[in-house]
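Contents: one structure, followed by commentary.
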Amino acid sequence: MDTIYIRGGRRLEGEIPIHGAKNSALPLLAATLLARGVSEIHNCPHLSDVEASMSILRLLGCRVERQENTVTVDASVVCCDSIPDELMREMRSSIVFLGAVVARCGQANLTYPGGCELGPRPIDLHLAALRRLGVTVEEEYGHIRCRVERCLQGADITLAFPSVGATENVLLAACTAQGVTVLHNAAREPEIDDLCLFLNACGAKIRRLADGALHIVGVPRLHGAICRVMPDRIEAATYLAAAAVTGGAVTLRDCNRLHLAAILPVFEESGCHIEAASDAICIQAPTRLRRLGTIRTMPYPGFPTDAGAPLVAAACVAQGTSVFVEGIFENRYKYVDELARLGASVCVDGRVAVVEGVSALQAAPVTCTDLRGGAALVVAALAAHGETAITGLQHLDRGYDGLTDCLRKVGALVRRENG
Ligand code: EPZ
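Sequential numbering from 104 applies to the sequence shown in the numbering used here.
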């Protein structure tokens, strides 16, 4: 069991390059399955979820190779339409393969992606949308069997909620369907636009309408293409929080400030000075943050749920009371009990967390309960007196490429030990 040790209280200073976004890389890898040929995904982060996606592609018959940050997928031959339970459970986002497998093979046999630490994560919207495209879906004992009788048929679909995963599945299934699909109330996250960009480079015909709907004209087949994964806006938000709690001065390189438009004002309100260029963001934090105010997480362009936890950690050492209202997931505050071990004062009632900033946190052994909760522990440990030991790193490894190296680069006293 690996452990990260962080000796807190060091002011972070310097530059951190931001990696490619996990939540863009995963659907992009699923999309390569549709391309009858070779695709290259550049700026692909080294993460366990990316490894799991590569394993799924190999199992389906693709040739997959990684050279440094580039993953090459040859999907000329796809010989399997089933994904076994172990791989489906390994990551929740394995469900995004459903639309791709069904479009490529005319059928798909998957199991439910499994329980989730953030509360129930149903896939009813994914399945309802696929049914509208002409997919027959049978669900039995955790298995999902999908068949297409003749071919996928374009349709007018409205999502009851702008689900990111359901939008991705519709895009993947609809780009080679017969006729036109219009997806109303589609998710507007930048990772969706990254996926559209790649699919269009493969020959798809997708465009975003003025009201945010996605308009997809089906084409007979897609070919391989090259793309570059967009910068990870949640990784960026996490390092901004890390700089903020240490009174630091950090420049994030290779990031997109437009994707952080809902996040940067929160840091400014709390007393940080932010300077943003098109691909870099500099943060200069005061000795102690002011309260973060009230933060409500919501679908893009609102404040992202994934950035909630690192900012809760920042609020723990800010002056005054901050309030977080979680608008996406039912159970996103599991990590709060671990923050309490460090001396944080957070009171949770359902989807609301009230954070009373304390003047100092104290090191303690803590365990990650989930990916972003783990990021919150890292941020809090950077602010705490003494050396915090963090376990449960399999969660952090899903979403933070080179975490300890990035922090060390800006002066954090951090090390990872095996055993
Ligand atoms: C994506 O998950 C991200 N994952 C999540 O990132 C992110 O938190 C989430 O979008 C919201 O931004 C990936 O991109 C791989 P949703 P996804 O479908 O697609 C409900 C991280 O930490 N819902 O938009 O699963 C659902 O229960 C992760 O990197 C249904 O009810 O999110 C949830 O409450 C965690 N029925 C809400 O919608 C459905 O069929 C949002 O889910 C689908 C979703």
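Cβ coordinates follow ideal geometry from the N, Cα and C atoms, glycine included.
At the C-beta level, Thr491 and Gly112 stay beyond 8 Å of one another.
For Val204, the uninterrupted alpha helix (DSSP H) run begins and ends at Phe200 to Cys208, by DSSP. For Tyr342, the enclosing alpha helix (DSSP H) covers residues Arg336 to Val348. Residue burial is scored here from C-beta neighbours: Ala313 has fewer than 16 other C-beta atoms within 10 angstroms and is therefore classed as exposed. By the C-beta density criterion, Leu230 is buried, having at least 16 other C-beta atoms within 10 angstroms.
Distance from the CA of Arg161 to the CA of Gly268, rounded to the nearest whole angstrom, comes to 22 Å. For Ile159, the shortest separation between its Cβ and any heavy atom of ligand 1 does not lie below 7 Å. Look at Asn126: its beta carbon is less than 7 Å from one of the heavy atoms in ligand 1. Checking the DSSP bridge columns, you'll see Asn212 partnered with Ser185 and Arg248. Remark: the shortest separation between the CB of Thr408 and any heavy atom of ligand 1 falls under 7 Å. In the structure shown, Gly321 adopts coil according to DSSP, grouped into three states.
In the structure shown, Leu221 falls within a coil segment according to DSSP collapsed to helix, strand and coil. Straight-line measurement puts the Cα of Gly321 at about 7 Å from the Cα of Ala307. Lys125 is positioned such that its CB atom lies closer than 8 Å to that of Leu150. Ranked by Cα distance from Thr279, the first of Leu343, Glu242 and Arg207 is Arg207. As summarised for the segment 137 to 167, the continuous alpha helix (DSSP H) elements at least 4 residues long and confined to that stretch are 151 to 162, given in chain order. Collapsing the DSSP output to three states places Phe432 in coil.
Annotation: the continuous alpha helix (DSSP H) that includes Val439 extends over Val439 to Arg444. Each residue's CA atom was taken as its position, placing Arg519 and Gly123 some 22 Å apart. Listed in chain order, the alpha helix (DSSP H) elements of length 4 or more contained wholly in the segment 266 to 310 are 267 to 277 and 293 to 304. At least one heavy atom of ligand 1 is found less than 7 Å from the C-beta of Arg475. Between the alpha carbons of Leu115 and Ile377 lies a distance of about 15 Å. Comparing alpha carbon positions, the residue from Arg331, Ala456, Ala467 and Ile493 closest to Leu474 is Ile493. Contact check between the segment 417 to 435 and the segment 375 to 393: three or more CB pairs, one atom from each, fall below 8 Å, which counts as touching. Here Cys249 is buried, its C-beta having at least 16 other C-beta atoms within 10 Å. Short of 8 Å from the beta carbon of Val455, and not among the five residues preceding or following it, lie these beta carbons of its own chain, in chain order: Val426, Phe427, Val428 and Glu429. Three or more Cβ pairs drawn from the segment 129 to 141 and the segment 198 to 213 lie within less than 8 Å of each other, which places the two stretches in contact. Relative to ligand 1, Asp297 has its C-beta separated by 7 Å or more from all heavy atoms. Under a 10 Å Cβ-count criterion, Gly522 is classified as exposed, with fewer than 16 other Cβ atoms of the shown protein chains found around its own Cβ.
Residues Ala328, Ile329 and Cys330 of the same chain have their beta carbon placed closer than 8 Å to that of Ala304, with the five preceding and five following residues left out of the count. If you compare the alpha carbons of Ser373, Glu171, Thr261 and Asp297 with that of Ala417, the shortest gap goes to Ser373. Collapsing the DSSP output to three states places Gly117 in a strand. Collapsing the DSSP output to three states places His488 in a strand.
Separation of Asp357 and Arg501 (C-alpha to C-alpha, rounded to the nearest whole angstrom) is 21 Å. Between the C-alpha atoms of Leu129 and Thr349 there is a straight-line separation of about 32 Å. Residue nearest to Val469 within the set Gly495, Gly257, Pro407 and Cys450 is Gly495 (criterion: CA-CA distance).
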